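Enquirer:
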Amino acid sequence: MVITVEWYDDDETILIEKFPHKWDAKNYYNLIDEAARLLSTKEYDVDIIGDFGDSGPPSGNILAGLRYAEEKLPPNQGYVILVHTHKLIEVFISIVKQMRFKATENVYTVDSVDEAVAMLEDLKSKEQR
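At position 13 of the sequence shown the residue is numbered 453 (our numbering), and the sequence of numbers has no breaks.
1. Once the 5 residues before and after Ala558 are set aside, which same chain residues still bring their CB inside 7 Å of it?
2. Given a cut-off of 8 Å on the beta-carbon distance, is the pair Leu506 and Val486 in contact?
3. When you compare each of Ile456, Asp494, Glu446, Ser499 to Lys466 by their alpha carbons, which one comes out closest?
4. Within 10 Å of its beta-carbon, does Glu511 have 16 or more other beta-carbons around it, so buried, or fewer, so exposed?
5. Do His461 and Asp494 come within 8 Å of each other at the CB atom, strictly closer than that value?
6. Out of Leu471, Pro514, Tyr548, which one is the CA nearest neighbour of Val445?
7. How would you call Tyr484, buried or exposed, if buried means at least 16 neighbouring beta carbons within 10 angstroms?
8. Would you identify the three-state DSSP class for Asp450, choosing helix, strand or coil?
9. Using 10 angstroms around the beta-carbon of Lys458, count the other beta-carbons present and answer buried if the total reaches 16, otherwise exposed.
10. Can you check the region 495-554 for any alpha helix (DSSP H) of at least 4 residues that lies completely inside it and give the ranges in chain order?
11. Grab the span of the alpha helix (DSSP H) containing Asp473 for me, first residue to last.
Shown next, in the form of structure tokens:
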């Protein structure tokens, strides 16, 4: 199954990535390529919402996928808010944050897309202070 990525808002400041029930490292690589392509078309930071609402656990070497993301994503990746993650992904993110991967530097988890949007608004307003 394909992980979809599209603009969440008309201003093209937020990407939303929707993870299907079954996905693997190859799907994740394709997602990274598409997200990197979309981010590279903008001269400002772009935030990402990763929606795992329909997702099951990943299969394959996801750590290798994260290394790929580390190399591939442009510097204008903003905040990454993960929605409806399962414990496996939360534990993985926690471990990888300790390894100081830039791709996980500004990653947060919430329970809904609405909460993700609200968190992004809050984080952006704190930046402007």
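Virtual Cβ for every residue (Gly too), placed ideally from N, Cα, C.
Predicted model, so just to flag it, every value in this text is computed and none were measured.
Expert: Once the coordinates are examined:
1. Here Ala558 has no same chain residue with a Cβ atom under 7 Å from its own Cβ, once five neighbours each way along the sequence are excluded.
2. No; because the gap between Cβ atoms is not below 8 Å, this pair is not in contact.
3. The option with the nearest alpha carbon to Lys466 is Ser499.
4. In this structure Glu511 is exposed. Its beta-carbon is surrounded by fewer than 16 other beta-carbon atoms within 10 angstroms.
5. Yes.
6. Closest by alpha carbon: Leu471.
7. With fewer than 16 Cβ atoms within 10 Å of its Cβ, Tyr484 is classed as exposed.
8. Here Asp450 sits in coil by DSSP.
9. Burial call: buried.
10. With a minimum length of 4 residues, the continuous alpha helix (DSSP H) runs that stay inside the region 495-554 are 502-512, 527-538.
11. That run of the alpha helix (DSSP H) goes 465-479.
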